[in-house]
Amino acid sequence: MKLLLARHGETLLNAEHKFYGSLDVALDAVGKKQAEQLAQKIMTVPLTKIVSSGLKRSRQTATVISELSRLALSVDQRFNEKGCGQWEGLNADEIQARDPVFWQRWLDDPLNVTPPDAESFAVFRLRVTNAITSLLNQAQNSDSIMVVSHQGVARLINQILIPVDDYWTPDFRAGSYTEYDLKQGKVVNVQRNL
1 MKLLLARHGE TLLNAEHKFY GSLDVALDAV GKKQAEQLAQ KIMTVPLTKI VSSGLKRSRQ
61 TATVISELSR LALSVDQRFN EKGCGQWEGL NADEIQARDP VFWQRWLDDP LNVTPPDAES
121 FAVFRLRVTN AITSLLNQAQ NSDSIMVVSH QGVARLINQI LIPVDDYWTP DFRAGSYTEY
181 DLKQGKVVNV QRNL
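Residues 1 to 194 (the UniProt record's numbering) make up the sequence shown, in order.
If you want it as structure tokens, here you go:
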């Protein structure tokens with residue numbers, strides 16, 4: 001089977017390098033164009049299912065693909081980005097200015113230090129693990145499934161599929177997809193940022 005992980009197109013907050021996690025922001029003009037280009041690229045893959053996170057930026061991206069491929073779009077909130085709590089809508093300089101000590105603690109251990117009112121990494125990991133496990137368990141060997149989601153979710157799914165210590169790599173570019181070929185539940189080939 002094939003699993004295609006797509007990252008939504010660009011948003012204004014994305015372009016401004018702000019933390020936006022669970023904020024429900026729309027694609028900007030660049031992001032809309034990226035979604036259209038992504039949909040055109042995907043047309044070479046015979047998709048059998050399209051799943052999107054529940055956040056607007058992913059749904060907008062997935063809708064373009066869904067309409068072009070004439071496949072129904074499923075929405076699964078478990079593929080939503082990790083909530084950043086009080087840091088949402090702020091950039092790194094703004095966060096550091098508000099609380100430099102906590103900011104440094106987070107920089108030193110971002111997977112174990114949770115920003116105020118944010119979703120912990122452990123809860124995020126469990127949520128996404130359950131979502132991708134459920135999706136893959138229901139898939140047939142001949143399926144080509146696209147999940148349209150977010151940088152953090154894609155990194156986590158990558159870490160689940162290809163056990164690596166470094167959560168932060170690879171980078172998933174806005175408006176691109178990474179294709180995983182799976183045989184008997186194991187990744188046999190990966191093509192990144194197509």
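Using N, Cα and C, we set each Cβ at its ideal position, and we do this for glycine too.
Asked                                                                                                                                                           : Found
Touch check for the region 125-132 and the region 73-83: three-plus C-beta pairs under 8 angstroms?                                                             : yes
With a 10 Å radius around its C-beta and 16 neighbouring C-beta atoms as the bar for buried, classify glycine 185 as buried or exposed.                         : exposed
Just how far apart, CA to CA, sit tyrosine 20 and methionine 1?                                                                                                 : 32 angstroms
Pick out the complete beta strand (DSSP E) segments inside the region 99-157, 3 residues or longer, and give them in chain order.                               : 144-149
Taking alanine 118 as the reference, give the member of Glu94, Glu88 and Leu107 with the closest Cα.                                                            : Glu88
Please confirm whether glutamate 179 and leucine 23 have their CB atoms less than 7 angstroms apart.                                                            : no
Using 10 angstroms around the beta-carbon of tryptophan 168, count the other beta-carbons present and answer buried if the total reaches 16, otherwise exposed. : exposed
What three-state label does DSSP hand leucine 80 in the structure shown?                                                                                        : Position check: residue 80 holds asparagine in this sequence, whereas leucine was assumed. Note: asparagine 80 maps to coil in three-state DSSP.
Skipping 5 residues on each side, what residues in its chain have a beta carbon closer than 7 angstroms to that of arginine 70?                                 : none
Per DSSP, which residues does arginine 7 bridge with? Please list them.                                                                                         : Ser149
In three-state terms, what does DSSP make of glutamate 36?                                                                                                      : helix
Tell me whether isoleucine 42 is buried or exposed, calling it buried when 16 or more other Cβ atoms sit within 10 Å of its Cβ.                                 : buried
What residues in its chain sit with their C-beta under 6 angstroms from that of glycine 175, if we drop five residues either side in the sequence?              : Gly9, Gln34 and Leu38
As a quick exercise: from Leu107, Ser58, Asp165 and Val51, pick the residue whose alpha carbon is nearest that of aspartate 28.                                 : Ser58
Exposed or buried, lysine 82, counting other C-beta atoms within 10 Å across all chains shown (16 or more means buried)?                                        : buried
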